[in-house]
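Protein chains in written order, with the working numbering: chain B, 17 to 261; chain R, 17 to 261.
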């Protein structure tokens with residue numbers, strides 16, 4: 017038995033999310049089926065973390081324990097022919113048994129894509145969140161600067177479906193840039209609470225629309241209570257971009 | 017009765033193409049149904065031209081004759097609520113009765129998107145053509161320069177399903193640029209033969225892969241015969257970008 021690490025990209029549109037659930041198709045399950053098809057064995061896929069229904073990944077990382085007889089790179093192709101086109105293995109490497117996709121992660125990077133236009137272009141609709149008018153990106157930048165660093169992010173998390181020891185997290189790097197009609201929010205942190213990225217995106221969109229003041233970001237953080245002031249932005253704009261080890 | 021011009025964008029993935037066909041869902045048909053839902057009348061939608069199955073549009077133009085009682089702009093919203101999310105009306109204007117979406121077009125602009133990477137990213141798979149290795153864009157540029165201008169493009173057209181008077185067309189502007197891992201081919205011409213853009217893209221990809229020499233472009237043009245040397249590139253990379261009047 018050896019441990020292997022795979023980088024996986026997926027289009028989350030058709031899935032109920034990462035984690036296996038009854039009566040719905042999850043990405044983890046489709047991957048496990050592909051490993052089973054390939055090896056004839058039941059192989060448990062460990063992800064770096066969950067993604068919600070409709071959320072995408074450009075660089076999810078998983079690990080599996082398996083007896084592979086050929087060089088790992090051969091498994092990239094062998095798995096991809098067994099996977100639907102909306103899930104792709106990008107790379108594979110044998111790793112030390114101490115490596116763990118979730119526990120070994122030093123930081124995770126998410127990107128949130130916002131498309132600013134009166135009408136949404138059809139070919140972007142599954143991969144952007146649509147806002148009808150140009151946002152005030154300067155105000156959003158200022159709100160973001162308040163969120164960067166170590167804080168109790170309870171006010172920016174949905175009721176978690178599992179207990180967490182602490183709601184304190186560190187955002188190492190937070191950037192926001194405009195590219196044509198897109199706004200790209202990038203967050204790299206040591207961990208994210210349930211729906212934390214979408215809550216931050218939802219708050220920033222409100223600030224950018226002029227419906228909230230960037231300076232209120234601090235008092236919302238301090239409140240440590242999630243209220244309707246912080247909406248959860250739509251899943252389709254969100255990509256798990258990269259996991260850093 | 018007045019004439020109205022609409023600009024339409026669509027994701028062609030789910031459709032059998034623009035034109036109404038038996039036992040398949042066409043974009044023209046979905047638009048006609050939306051007009052019928054809105055007005056209660058049977059309204060014929062005239063497009064600037066057809067697009068094939070799986071081909072997208074960022075700026076298809078149509079005209080209709082109808083008795084609209086409110087300002088045209090109100091129809092944008094009213095039609096979009098009746099259309100699936102993969103078809104969007106972008107704008108509407110009343111036009112002179114002499115305007116015709118196809119006959120009045122001075123030129124049409126198509127863009128063809130090629131994604132160069134070992135493995136295709138899932139969220140791009142429906143809107144890019146995938147090539148596994150970096151292409152020689154310099155050779156492609158040189159082939160493209162030969163195709164620019166007025167030529168008999170018979171060798172770059174699939175067997176047309178309708179008779180055409182002439183296979184001579186003018187490409188006013190042909191550009192090719194790289195953006196990250198994308199290659200974007202842009203062609204603006206006074207008209208395009210059946211599958212002409214995809215044939216040009218297919219040939220350029222062959223040249224870019226080193227499977228054909230750019231200098232052979234001239235002899236293929238001169239032959240006026242379509243052969244296997246010119247493959248038809250995949251539909252998903254193609255967008256009808258803009259129609260100029």
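Idealized CB from N, CA, C, for every residue including glycine.
Only a predicted model underlies this, so the values are computations on that prediction, with no experimental measurement involved.
Flagged as an interface residue toward chain R: residue 141 of chain B, by a C-beta distance shorter than 8 Å. Comparing C-alpha distances from residue 164 of chain B to each of B/89, B/136, B/54 and B/191 shows the shortest one belongs to B/191.
One finds nothing in chain B with a Cβ atom closer than 7 Å to the Cβ of residue 17 of chain R; even the nearest lies about 27 Å away.
With respect to the C-alpha of residue 254 of chain R, the residue from R/30, R/136 and R/71 having the closest C-alpha is R/71. Proximity of residue 103 of chain B to chain R, defined by a Cβ-Cβ separation below 8 Å, is satisfied. Bounds of the alpha helix (DSSP H) holding residue 155 of chain B are 153 to 163. Looking only at R/45, R/23, R/81 and R/102, the smallest Cα-Cα distance to residue 64 of chain R is reached by R/23. Residue 131 of chain B counts as buried, since at least 16 other C-beta atoms from the protein chains shown sit within 10 angstroms of its C-beta.
Counting only residues of its own chain and dropping the five nearest sequence neighbours on each side, residue 59 of chain R has a CB closer than 8 Å to the CB of 48, 51, 52, 80, 81 and 82.
Excluding sequence positions up to five before and after residue 152 of chain B, its CB lies within less than 7 Å of the CB of 224 and 226, all in the same chain and listed in chain order. Here residue 144 of chain R is buried: its Cβ has 16 or more other Cβ atoms, across all protein chains shown, within 10 Å. Taking the Cα of residue 27 of chain B as reference, the smallest distance to any Cα among B/40, B/116, B/74 and B/238 is reached at B/74. Boundaries of the beta strand (DSSP E) harbouring residue 255 of chain B: 254 to 260, taken from the DSSP string. The beta carbon of residue 91 of chain R is closer than 7 Å to those of 84 and 108 in its chain, skipping five residues each way along the sequence. The beta carbon of residue 137 of chain R falls within 8 Å of a beta carbon belonging to chain B, placing the residue at that interface. Taking C-beta separations shorter than 8 Å and ignoring five residues to either side along the sequence, the partners of residue 62 of chain R in its chain run 78, 79, 80, 116, 117 and 118, following chain order. What residue 68 of chain B touches in chain R, judged by beta-carbon distance under 9 Å, is nothing: the nearest beta carbon there is about 16 Å away. By alpha-carbon distance to residue 128 of chain R, the top candidate from R/211, R/228 and R/245 is R/211. Burial check for residue 138 of chain B: the Cβ neighbour count within 10 Å reaches 16 or more, so the residue is buried. One alpha carbon belongs to residue 124 of chain R, the other to residue 252 of chain B, and they sit about 32 Å apart.
Contact of residue 25 of chain R with chain B by beta-carbon distance below 7 Å involves 137 and 138. Sequence-distant Cβ neighbours of residue 133 of chain B in its own chain, meaning closer than 7 Å and more than five residues away, are 197. The three-state secondary structure of residue 130 of chain R, taken from DSSP, is strand.
Listed in chain order, the beta strand (DSSP E) runs fully inside the segment 161 to 230 of chain B are 165 to 168, 184 to 195 and 198 to 205, counting runs of at least 3 residues. Runs of the beta strand (DSSP E) lying entirely within the segment 87 to 111 of chain B and spanning at least 3 residues, in chain order: 103 to 111. Neighbours of residue 74 of chain B in chain R, taken as residues at a C-beta separation under 7 Å, are given in chain order as 137. By the rule that beta-carbons nearer than 8 Å mark a contact, residue 106 of chain R touches chain B.
When 8 Å is used as the limit between beta carbons, residue 96 of chain B is near these residues of chain R: 135, in chain order.
In this structure, residue 113 of chain R and residue 19 of chain R form a Cβ contact; the two beta carbons are roughly 5 Å apart against a cut-off of 8 Å. Take residue 242 of chain B, set aside five residues on each side of it, and the residues of its chain with a beta-carbon closer than 6 Å to its own are 171, in chain order. Each of B/99, B/100, B/98 and B/105 was checked against the Cα of residue 89 of chain B, and the nearest Cα belongs to B/105. Taking 8 Å as the cut-off, the beta carbon of residue 219 of chain B is found no closer than this to the beta carbon of residue 174 of chain B. By the Cβ-count criterion, residue 25 of chain B is buried, with 16 or more other Cβ atoms from all chains shown falling within 10 Å of its own Cβ. In the DSSP assignment, residue 250 of chain R falls outside any alpha helix (DSSP H) and carries neither an H nor an E.
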